[in-house]
Each structure stands twice: as C-alpha cells, then as structure tokens.
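Here the protein sequences come in this chain order: A and Y. Read in order, the letters of the first sequence are residues -17 to 447 in this note's numbering. Read in order, the letters of the second sequence are residues -17 to 447 in this note's numbering. Ideal placement from N, C-alpha and C gives every residue a C-beta, glycine not left out. The structure appears right after this line, and notes come after that.
2 protein chains.
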Amino acid sequence: MHQGIRNMEDYFKLPIVLRAKELEEELRTGATKPFKKIIKAHSEDCHALGQKPITFLRQVLILVTYPELMKDPRFPEDAKERARVILAGCNNGSIGSYSENSGIETIRRHCAEFIEHRDGIHSDWQNITLSPGTSGGIRNILQLLAWKLNGKDPGVMIPKPSFPLYDACLQELNMHSVPYFLNEKKNWGVDLKELNKSFDDSTSTCTLRAIIVNNPGNPTGHVFTLQNIQEIIKFAYNRSLIILADESQQGNVYDGSRFHSVKRVMIEMGPPYCDIELASFMSVSKGYIGESGVRGGYVEVVNMDPDVYQMYVKSLVCPSSLGQAAVHCLVDAPKEGEASYRGFLMEKNEILLSFKEKAKLCSEIMNSINGITCNPVQGAVYAFPRITMPAKALNAAKYENQLPDVFYTFQLLEKTGICVIPGSTFGQKPGTWYFRTTILPLEEEFGEMLKGFREFHTKFLTMYS
Amino acid sequence: MHQGIRNMEDYFKLPIVLRAKELEEELRTGATKPFKKIIKAHSEDCHALGQKPITFLRQVLILVTYPELMKDPRFPEDAKERARVILAGCNNGSIGSYSENSGIETIRRHCAEFIEHRDGIHSDWQNITLSPGTSGGIRNILQLLAWKLNGKDPGVMIPKPSFPLYDACLQELNMHSVPYFLNEKKNWGVDLKELNKSFDDSTSTCTLRAIIVNNPGNPTGHVFTLQNIQEIIKFAYNRSLIILADESQQGNVYDGSRFHSVKRVMIEMGPPYCDIELASFMSVSKGYIGESGVRGGYVEVVNMDPDVYQMYVKSLVCPSSLGQAAVHCLVDAPKEGEASYRGFLMEKNEILLSFKEKAKLCSEIMNSINGITCNPVQGAVYAFPRITMPAKALNAAKYENQLPDVFYTFQLLEKTGICVIPGSTFGQKPGTWYFRTTILPLEEEFGEMLKGFREFHTKFLTMYS
Chain A
-17 MHQGIRNMED YFKLPIVLRA KELEEELRTG ATKPFKKIIK AHSEDCHALG
33 QKPITFLRQV LILVTYPELM KDPRFPEDAK ERARVILAGC NNGSIGSYSE
83 NSGIETIRRH CAEFIEHRDG IHSDWQNITL SPGTSGGIRN ILQLLAWKLN
133 GKDPGVMIPK PSFPLYDACL QELNMHSVPY FLNEKKNWGV DLKELNKSFD
183 DSTSTCTLRA IIVNNPGNPT GHVFTLQNIQ EIIKFAYNRS LIILADESQQ
233 GNVYDGSRFH SVKRVMIEMG PPYCDIELAS FMSVSKGYIG ESGVRGGYVE
283 VVNMDPDVYQ MYVKSLVCPS SLGQAAVHCL VDAPKEGEAS YRGFLMEKNE
333 ILLSFKEKAK LCSEIMNSIN GITCNPVQGA VYAFPRITMP AKALNAAKYE
383 NQLPDVFYTF QLLEKTGICV IPGSTFGQKP GTWYFRTTIL PLEEEFGEML
433 KGFREFHTKF LTMYS
Chain Y
-17 MHQGIRNMED YFKLPIVLRA KELEEELRTG ATKPFKKIIK AHSEDCHALG
33 QKPITFLRQV LILVTYPELM KDPRFPEDAK ERARVILAGC NNGSIGSYSE
83 NSGIETIRRH CAEFIEHRDG IHSDWQNITL SPGTSGGIRN ILQLLAWKLN
133 GKDPGVMIPK PSFPLYDACL QELNMHSVPY FLNEKKNWGV DLKELNKSFD
183 DSTSTCTLRA IIVNNPGNPT GHVFTLQNIQ EIIKFAYNRS LIILADESQQ
233 GNVYDGSRFH SVKRVMIEMG PPYCDIELAS FMSVSKGYIG ESGVRGGYVE
283 VVNMDPDVYQ MYVKSLVCPS SLGQAAVHCL VDAPKEGEAS YRGFLMEKNE
333 ILLSFKEKAK LCSEIMNSIN GITCNPVQGA VYAFPRITMP AKALNAAKYE
383 NQLPDVFYTF QLLEKTGICV IPGSTFGQKP GTWYFRTTIL PLEEEFGEML
433 KGFREFHTKF LTMYS
C-alpha cells in the first residue's frame, strides 16, 4: 500500500460522526434516548443542514442544461443572459462538451473581474483556472511541489488548528506537514515568532516549499487582521515560501471584521513583497451559496514561473461544466436593475444575516458558561470553544481510554444528541481542549442546541467536580 | 519542477490541434483557404461535434436541480421518478449537499444492477464507486500502486497504440509505462507472446503492478474477442497483475462484434482466474450519451484486498452530484412501458445507428483508397488507418523535420481543413504510419470529409511518387 494514503485520516469516518449516525438509526427504529434527534453541528454541508439554494444560481444551471427553458417566461432575463454567456463559451454551445483544462474562458474572465472588483487591483484572467472545489485546487498546486529538494523531502507549513483535509492531501502526496500554531489570545492570529520557530525546527527533516493560510479560518472562525496578513507575507518572502491561501470563506465575515485578501495586501506592500508566488482558492461550496455538491471553484495564481504555470495548467483535468456555471453565478451575480436582483439580495442577506446572528449568539452563550471560553466568531461558520476540564473529568476520560476532548464530545452526543468535533481532530496545543461547532443549524435548532449545550455542561461540571 | 508533470505530454496542445485552431481563426477573419471550415475529426467531444444530448437525461438533471419543475406537466413521470430517487439519496434532499466520497448509495446500487443485467453475474453495490469520469477513476486506482516494490519503481503495462492520457497519468504519478503492442493483423487484438516479451523486458527497470486494457479501443476502434480477453486474464493471473479495464465505450459496438466484459469472462473462467483483482471503468462521456462536460462515471472493483479497498475509498473526493445524477440516467434508463421510453429509444438508436453506418462507411472508403488500409471499426468511435508512405513523401517529411505521419496530417489539414491525429501520438511500431480519425462528425460532414480525404490522398500520391 501507498504509505501516504495509508496514513491519511479519514475525516468522514471520525468515530464521533459514525456514532451520531448510529444514534440516528437507533432513533429511527424507535429507541428511547434523552433527545429526539441528532443536531449535526459537526457538518459543514450547508444544504444538508437546511440552507436553501440561491434561486438565481439554480435557474442558470437549468437554463444551460435545458436551453428550451429559455423560452419559458417564468425564468428571469438576467438568468437567461448568464446562461447564454456560459453556453457561448462552451464548444458547440453545449454544457455537455469538454471545456479547456483550465475552464471556460468567459467564466475565467468573469472571475478576474470579480477579484478586481474585490481588491481594486488588476487580475489577469489567464492566471485564473477553474477547479472542482478548494481541496482539489490545493491538491493540484501541492502536486507541483511534491519532489525532493536538496536531497530532502518537501514540506508545507500548515496552521494548527486546521481543517484535516490539508494534512490528508499532504499525506497522499508524501509531503511533510509542518504545523504552526495560531494564537488563541490574539483571536487565532499568527505569531511571527511561532512561524520562525516552526520553520527552523523543520529544516533538518524537510525542505519547506509553501505555507498554507486559511482565512477566514476553519475551525477557529477567525478573520486575520491586516497586520497578520502582512506578517505572513514578510515571513513567506524571507523564507522563500509560496503562499497557498484558502480564502474560500471570504464571503462570510461578521463582527466588524474585514476580509483582507493576501493578493491585495502583498500588491499594496509593493516590492519585494508584491512578487511573492501566491495561489488563492475560492469555491461555491461555502458561504451564502453552499453548493458543495456541484463541485466548483477557482484558483488565482500570481507570480508563478511561466514554465511551471504551464505545467500546472497541463496537469489539470477539466472540471464539471455545471460546477463552472455555478462559479459564474458567484462571480457574476445579479446586479442592481436586473430582474433577479431584489430576490437574490433577499435570499443572500437572509442567509448571511442569520450567520451573523448565530455567530454572535454562539460566542455570547459559550462565554456565559462556566468553564467555557470562546473567541468571537469573526468569519466562516465555526466556533472553537475551549473547555476547562475538571481533574475528575480528565480521570474519567483516561479511564475510558479517550482523549479528554473526545470524552467530552461523546458525552455531549450521548446525552443531548448534539454532534460536534473534538479539537484534537484539528490539532490543539498539548494540555488544552476544544471542540468545533458550526453555526449552520437553522436558527430554531441552533437556539435549542445552545440551550441543550448549557444544560449538559452544567451537569457535566456537577458530575466531575 | 515535479519531473513527472514536466514529462507529461499535453494532449490538448498537440501541434496539429493548435494549427487547426489557428486556421479556424484565420477563416473567421476572412482569410482565403482551399476549404471553408475545419472538420474536427481529431476531437472526441461528442456534443462539440453536434451530437444531441439525450432529452431524458437532461430532464432528470434539471428536475434534481430545480425540484419546482416536478409540478410541470411537460416533464414525463419517469424522469420525475428518477429525480425523486436521486434526491432521496442526497443529504436533506438537495443536490447541493456533499455525497459520500464513494458516491450516492442509491446510484451505486443502480450501477450494480446495470452491471448484473449486462453480465448475468452478481455485482455488489459496495464494490462500486462513482468517479468524475474515466481518467479520474484510473488515476485514483493507479495512485494506490504508486510505490516502490522490491526496491524498484512501479510499472504498468499499457497498450500501444493507446490514448495518451494513460501515459500522462503514469508520468504524473512517477510510474513506469511499459508498452505492449496490439496486433494490427488480428484486428488490433492482443498476442500472448507480445505480452510476455513486454513483461520480461521490463523486469530489470521496474516492478509491474497492473495491465491497462482498453476495450472497445481508442484509437483503434477494435473490440476484443472472447479469446483475447481470456488470454489477458490468464496472463494477468500468471504474472500477478491487476487488470484495469477501461470499458467506457462498451455501449458502442458494431459490425457483428460483441462486447465481453473482463468481469464476466473471468468469473465464467472460474478458479483461479475468477479471483483476479480487477477495476473496470465506465463513464457518461462516451457513447450515445456523450456528456463529457458533466464529469460522471463509475468504477467497479472486484477482489481487492478489503484493507486496500478501504484506503481507496478514503482517498476519493466526492464527485459532482450532477455527474452522479447523469450516471444514474445511464444505468437506469427509461424502460418499456415508461413515458419516455419511445422517445429515448429513438434518440439513442439514431445516434448508435449513425455511428454504425459511419463506422462501416469509414473503413470501406479507406480501404478503397490506394495506399491506405484500415481494420473494420468494430467499436468505440475511431478508425486508425495505415498509410503506406511513398519514398519521396518520407524524404519531404525529413526535409520538414517532421515524422512522416505528422507531415501527412499537416498536409491534410492545410489542404482540406480536415484535422486528424498522427499515429505517433498513440504509439505505433517503428516504420509504420497511421492517423486516427473519429466517426463523430455528423453524417453530411462525415461524407464530405471522406470525399475530401480521398481527393487529398490521390493528389498526395501523385505529388510524391
């Protein structure tokens, strides 16, 4: 067996998630439990948790799939116009034909306009490639770096805590994963000292090629400050690292925070920083769109050696045309004056406002509970509360042969039906314990969940103190 | 740079294809040429060449994307029933949610039924995984084998001539590609002697892990006989190779030939052959469906070590749900008595009948031309005619610093606008020259093309003899 794949953690088969599935099945077949349903606060799957699809996007998808519907007056003109633009970019006007490996040109051009509008800085459409989503996009770039340098294995710096798919991808490619810890006390920001230490500690085992940055962040719900981004850029420049910026949740920012794209910041910093190699990833799986199933995203690559970029484009497989069409809807959404504008804005704002309210509510409630502390949820759709575990609970966990955070989340699940992910899945500093909850459950359920959580935690403390 | 990727040939950037694009642009901007348009006989993109999508499939896609259309009486009940089945398999009933890595269970179950019906032999749905198409599927399996064994690099036997994406995939994974030549005199069948020679010659450079079999075949248009398949199975057993069977064109078989799946043949052969490890690949990109853009396919894996199979499933990324829905339409097509049946059958048969007629016409015309010989097109959508090159033409090619087949196909393109791919792209025995044409251009254009080809070849012979 390929050792890298053997080592890969199976994120979808986490014991806590498997147990939640079992419990759901037990409930379905009539078992009596202290709860009536499983609250899937572990899942990042927006639509699975009840988020509604954006009507405009779905209309464009069906119009490109079944062009006869163009004649149907119930579909708005702007959706039809987008469909015509997309189909004009397809070979022979069919969404069923292959696109170029890098994606449909007209969609790539619209991605560049979208980025330009976001940053106020030029974006070259030829630097944009369409991807089957962020994890696929990151894999395609990492693969370019998966070769020995100076006789040593290649390595990549990844944040901790972070989404385990980065690790899985590095394992698959037989690359070293070199963690750098985010600083909880600075709203999960980066510390230059930590970055340097992490780099220096790894030099004997591997040659570092890149640093992965996740902003807004999973599982921590942070949004990096401008200063944070500047520090990362300086560090990457000093250490000759490529920045891989997972910015797929850039549309979800709350709490007065602002999203700063790595691209904009480095260009504004001027030479020598504006010449750093960067790949930034965006997708339609997250945010107000939440279309994980259609598999669509884009990658903007800047400052890559043209020869290497050509190799990169060559190594791509053309992504789903329908996923590409969904990306088009993200980057060319209805504009003021267009037929769908009002309805689109209402749907979008309803989702984003609900995220915002749940984000605020979540950290407020968490911080009001004895023994739980939680940074504000500034972006993305996650909270990462810290649990102060009483000594008796630590002993009980040891007795069960479980890590304390795993013990805690299993207790929570068995007592309340609430499924969250133990912090150790994402990486946490030794001796600290967390869990990740999403803010995706719909409002009513989310309220219930916070209430259930508070009750559980109070009883947990009583039991183990 | 990753050496494997550097070595990958860029199939989409073949000089002949780039030149065809240039010529198309020149025509568009008013240049005078000896032809009015480019005939894209190089392309495998069915819809790009005018093949119509299957209405039933597109209806199912729009119904799952926009369930409100379920109420629309213009869409038939069987399409709605398929859409309901698919959505019932999606988390929370939305095509926008993630599926399991291995695909939506209900679709996997229907794939197994489809295979059972094809072979008359049990197929376990848990052995089926859904893929983003054949090339992605093959890559996922090859990756499992991409590690050194007995201190030697891993290698895979691949047919020559063959589709260059197998080579590209092996290069990407840093695996050795060990060619075995198909026998033109036996309708591009396999020779046991050649298989053994190819295996034995490679043992000093790599450890062979698998053999890729392509049936019906690209670029040769062959369909293997039962005896051929049996020989491959015996060979794979004797040499402990896994068989990777690209059977994605199994639906396109003409000329009285019959498709024999490797799975059926090995099971029917009984022990020890029925225990061979096999992965078979199917997709919706080819055949009467031709939906290359939606990126959907399935893989059936049998006899794989359960531990390795688990790793394989773990390494998958969930493919596009819409691609999966398209696979559902392939494996659960309208049945007799259902509302869409008649219309579906008419569309399907029209496409397949046209393929059949063009297949026959193509080899007939080719063989009637002096200096061209061509095996019957038994399956898939390709002919691979052999050109006997006059000595003067060989000299002219040398003078142009081109391989003779490249010289020939460039001449053909410049004089007639017909774009075909030189045989050297696929691999050919030294000193023999071929080109690949598809039979995808629509009938009228295809007729024109054969006529234009005959005229060109006659002039070519006159000029160089």
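Contact test: residue i Cβ vs the ligand SAM heavy atom, cutoff 6 Å
i, result
"residue 93 (chain A)", "Questions concerning the ligand SAM fall outside what the structure shown contains, since it holds no ligand whatsoever."
Pick from the options that is closest to residue i, judged by C-alpha positions
i, options, result
"residue 439 (chain A)", "A:353, A:426, A:314", "A:353"
"residue 203 (chain A)", "A:237, A:219, A:186", "A:237"
"residue 437 (chain A)", "A:351, A:206, A:41, A:113", "A:351"
"residue 219 (chain A)", "A:158, A:229, A:260, A:335", "A:260"
"residue 184 (chain A)", "A:136, A:144, A:227, A:250", "A:136"
"residue 412 (chain Y)", "Y:88, Y:142, Y:364", "Y:142"
"residue 364 (chain A)", "A:276, A:186, A:405, A:99", "A:405"
"residue 334 (chain Y)", "Y:228, Y:131, Y:272", "Y:272"
"residue 196 (chain A)", "A:144, A:217, A:209", "A:144"
"residue 222 (chain A)", "A:285, A:336, A:233", "A:285"
"residue 140 (chain Y)", "Y:132, Y:134, Y:149", "Y:149"
Proximity of residue i and residue j at Cβ, strictly below 7 Å
i, j, result
"residue 248 (chain Y)", "residue 194 (chain Y)", "no"
"residue 263 (chain Y)", "residue 119 (chain Y)", "yes"
"residue 389 (chain Y)", "residue 396 (chain Y)", "no"
"residue 74 (chain Y)", "residue 30 (chain A)", "yes"
"residue 128 (chain A)", "residue 147 (chain A)", "no"
"residue 46 (chain Y)", "residue 23 (chain Y)", "no"
"residue 96 (chain Y)", "residue 313 (chain Y)", "yes"
"residue 115 (chain A)", "residue 267 (chain A)", "yes"
"residue 138 (chain A)", "residue 152 (chain A)", "yes"
"residue 235 (chain Y)", "residue 319 (chain Y)", "no"
"residue 374 (chain Y)", "residue 446 (chain Y)", "yes"
"residue 340 (chain A)", "residue 421 (chain A)", "yes"
Boundaries (first-last residue) of the alpha helix (DSSP H) holding residue i
i, result
"residue 139 (chain A)", "Segment 135 to 142 is the beta strand (DSSP E) holding residue 139 (chain A); no alpha helix (DSSP H) there."
"residue 286 (chain A)", "It is not in any alpha helix (DSSP H) - residue 286 (chain A) carries neither H nor E in the DSSP assignment."
"residue 195 (chain Y)", "No alpha helix (DSSP H) holds residue 195 (chain Y); the beta strand (DSSP E) holding it covers 188 to 196."
"residue 341 (chain Y)", "323 to 349"
"residue 20 (chain A)", "No alpha helix (DSSP H) holds residue 20 (chain A); DSSP gives it neither H nor E."
"residue 110 (chain A)", "That residue, residue 110 (chain A), is in no alpha helix (DSSP H); its beta strand (DSSP E) goes 110 to 113."
"residue 390 (chain A)", "386 to 398"
"residue 103 (chain Y)", "From DSSP, residue 103 (chain Y) is part of no alpha helix (DSSP H); its letter is neither H nor E."
"residue 37 (chain A)", "37 to 47"
Element boundaries [beta strand (DSSP E), containing residue i]
i, result
"residue 228 (chain Y)", "224 to 228"
"residue 61 (chain A)", "Per DSSP, residue 61 (chain A) belongs to no beta strand (DSSP E); it is in the alpha helix (DSSP H), 59 to 70."
"residue 420 (chain Y)", "417 to 420"
"residue 444 (chain A)", "Premise fails: residue 444 (chain A) lies in the alpha helix (DSSP H), 425 to 446, not in any beta strand (DSSP E)."
"residue 261 (chain A)", "260 to 265"
"residue 276 (chain Y)", "Element bounds for residue 276 (chain Y): n/a, residue is neither H nor E."
"residue 235 (chain Y)", "Per DSSP, residue 235 (chain Y) belongs to no beta strand (DSSP E) and is neither H nor E."
"residue 162 (chain Y)", "158 to 163"
6 Å Cβ shell around residue i - same chain, five flanking residues per side excluded
i, result
"residue 321 (chain A)", "58, 59, 60"
"residue 367 (chain Y)", "348, 354, 356"
"residue 174 (chain Y)", "213"
"residue -2 (chain Y)", "391"
"residue 394 (chain Y)", "400, 438"
"residue 90 (chain Y)", "107, 110"
"residue 311 (chain Y)", "39, 42"
Beta-carbon proximity list for residue i, same chain, < 7 Å, skipping 5 on both sides
i, result
"residue 20 (chain A)", "2, 5, 6, 399, 401"
"residue 434 (chain Y)", "398, 400"
"residue 163 (chain A)", "142, 176, 411"
"residue 409 (chain A)", "142, 143, 144, 161"
Assumed close pair residue i, residue j - CB separation to whole angstroms, cut-off 8 Å
i, j, result
"residue 48 (chain A)", "residue 274 (chain Y)", "18 Å between Cβ atoms; not a contact."
"residue 113 (chain A)", "residue 281 (chain A)", "5 Å"
"residue 302 (chain A)", "residue 302 (chain Y)", "4 Å"
"residue 110 (chain Y)", "residue 93 (chain Y)", "5 Å"
"residue 461 (chain A)", "residue 85 (chain Y)", "Residue 461 (chain A) is absent from the structure shown; chain A starts at -17 and stops at 447."
Same chain only: Cβ atoms within 8 Å of residue i, ignoring 5 sequence neighbours per side
i, result
"residue 299 (chain A)", "83"
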